[in-house]
Amino acid sequence: MKIINNEILVGGAVIFKEGRGKKHFLLSKNAEGNWEILKTTVRRGESSVRSVIRYTSEQGNMATRVLDEVGRAVGAGTVNNRSITFKYIYYLMLFKAGAEITGMGEISWFDKDQAIKKLTLKREKDMIKTANTMIKEWEKLNKKK
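If you read the sequence shown in full-length UniProt numbering, its first letter stands for residue 1, the second for the next number, and so on.
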């Protein structure tokens with residue numbers, strides 16, 4: 001974990017796939033047992049977008065494609081009795097393939113409404129809503145004619 005100027009940069013992976021005519025979002029359970037968007041800390045010399053690509057491919061055994069940045073957020077926490085600012089950058093990612101997603105603890109796919117109900121943090125609920133709107137726009141622009 002890289003702490004610079006009492007800040008930690010975190011990449012968030014808002015991963016979705018199409019299923020039964022609905023979009024499904026991938027969430028994971030954290031240590032407290034709450035559902036959340038998958039996140040990883042950005043390593044030294046790594047960009048936030050590269051961190052989510054690394055995390056989903058190396059940790060999750062998934063093939064994904066980054067479509068766009070969904071949004072940014074800031075939070076606060078304590079690391080080793082120091083107050084730390086967490087800067088989050090969330091990316092919209094299309095799930096392309098992955099036989100079995102491994103190395104990410106308990107994970108599950110939820111449709112938009114289920115995902116919003118499962119999430120506890122308002123910023124993450126907002127990221128799913130924003131991502132869903134972005135997917136609709138992306139689909140309009142990329143419709144095969």
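We treat Cβ as the ideally placed atom computed from N, Cα and C, and that holds for glycine.
Distance from the CA of residue 24 to the CA of residue 48, rounded to the nearest whole angstrom, comes to 23 Å. Rounded to the nearest whole angstrom, the C-alpha separation of residue 91 and residue 71 is 7 Å. Residue 38 is positioned such that its CB atom lies no closer than 9 Å to that of residue 108.
One thing to note: residue 63 has its Cβ no nearer than 9 Å to the Cβ of residue 87. For residue 54, the closest C-alpha among the options 118, 139 and 10 is that of 10. Non-local C-beta neighbours of residue 134 in its own chain, meaning closer than 8 Å and more than five positions away in sequence, comprise 67, 68, 70 and 92, ordered along the chain. Looking at 85, 46, 111 and 128, the one whose alpha-carbon comes closest to that of residue 5 is 85. Taking 9 Å as the cut-off, the Cβ atoms of residue 76 and residue 40 do not count as close. In this structure, DSSP gives residue 141 a helical state, which the three-state scheme calls helix. For residue 82, the three-state secondary structure derived from DSSP is strand. Per DSSP, the beta-bridge partners of residue 26 are 109. Counting along the chain, residue 42 sits inside no beta strand (DSSP E), nor does DSSP assign it H or E at all. The beta carbon of residue 18 lies closer than 8 Å to those of 24 in the same chain, with the five residues before and after it left out.
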